[in-house]
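The opening residue of the sequence shown carries number 197 in this note's numbering; numbering runs sequentially from there.
Each residue gets a CB set at the ideal place from its N, CA and C atoms; glycine is no exception.
First the structure, in the form of structure tokens, and then the observations on it.
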Amino acid sequence: MTAYNYLWLIVVCCVLATFVWRLVGSIFAKKINTGSALFQWVTCVSYAMVAALIARIFVFPGGELADTSMVARFLSLAVGALFYFSVGRSLLLAIAASLGAFVALTTLPFLSHLMPF
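Pasting the structure below:
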């Protein structure tokens, strides 16, 4: 087998592994009580993990994001949050506003030199 064929074998195995767990989840989904204390705990833990990951990305970024100012990252987050709550909780518009603010703060010369660190 060539290296190319091994890549296809790996992709097929990954797809099968994903679909097996999806099948098991769909079988047991009807039997899960979403109002139970255990399910609510799992939901809270999953939200906490996502929040911690997002906080880690903002505070200790990697790659190209590490070269940007922390002030720019948090100002763009604030713009997105303010936009989200002011325009009727539209996630798509809030993401667009936050992205626009981040691009403006990091690329426009008259704004990017104002970022102290």
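Let me know if residue i comes out buried or exposed under the rule of 16 or more other beta-carbons within 10 Å of its beta-carbon.
{"i": "Gly276", "result": "buried"}
{"i": "Ala268", "result": "buried"}
{"i": "Ser282", "result": "exposed"}
{"i": "Ser294", "result": "buried"}
{"i": "Ala290", "result": "buried"}
Tell me where the alpha helix (DSSP H) around residue i begins and ends.
{"i": "Val283", "result": "No alpha helix (DSSP H) holds Val283; DSSP gives it neither H nor E."}
{"i": "Phe254", "result": "233–255"}
contact_flag[the region 263–276, the region 296–307] where n(CB pairs < 8 angstroms) is 3 or more: Yes, the region 263–276 touches the region 296–307.
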